[in-house]
Amino acid sequence: MGEYRESVTNRDRRTVRGQRLYDPAWSEALMLELYQAEGCPHSSTVREKLTDLGVSYVIHNPRRPGHEGGDVLNEWAQRAMTDLGGEDAIPFLVDTDRGEQLYESEDIVDYLEEHYE
Ligand SMILES: N[C@@H](CCC(=O)N[C@@H](CS)C(=O)NCC(=O)O)C(=O)O
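Here the UniProt record's numbering is used: position 87 in the sequence shown is 87, and no number is missing along the way.
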């Protein structure tokens, strides 16, 4: 959890060639973070909804799909997901702006329709 919070703080200070980023699209992208996997049908449902809504978001690829837990691809993302949500399950959405986090693709889709449509 500590590492995750620190990284959010660092990311908020991200700069490009010395310029702080104030691009509204980047601000929007910071709001939604999706922990997911290619080949996971439930992640795909969420990605399609985000696309349909035209919402920008950040993708994390903690691991391969699989009910038993696929191979870990990104240890930081895997740890952030389990620390934040308490479960090793994808898809997992974090809405940093609203302070919400959700598992379950159907719940995530409902949430997105409610808050981002
Ligand atoms: N009901 C869940 C199913 C998600 C699911 O089965 N995800 C797989 C990867 S494709 C997974 O992470 N399984 C591990 C687990 O659920 O503990 C949803 O709709 O999001």
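Beta carbons are placed, not taken as given, at the ideal position from N, Cα and C, and that holds for glycine. Keep in mind it's a predicted model, so treat the numbers as computed, not measured.
- A heavy atom of ligand 1 is found nearer than 7 Å to the CB of Gly69.
- Close CB contacts of Gly70 within its chain, under the 8 Å cut and outside five residues either way in sequence, are with Ala37, Arg63 and Arg64 (chain order).
- Using a cutoff of 7 Å, the CB of Pro62 does not count as near ligand 1, since none of the ligand's heavy atoms is closer than that.
- Just measuring C-alpha positions, the residue of Asp88, Thr82 and Met81 sitting nearest Glu68 is Asp88.
- Within the DSSP bridge table, the entry for Ile59 names Leu34 as partners.
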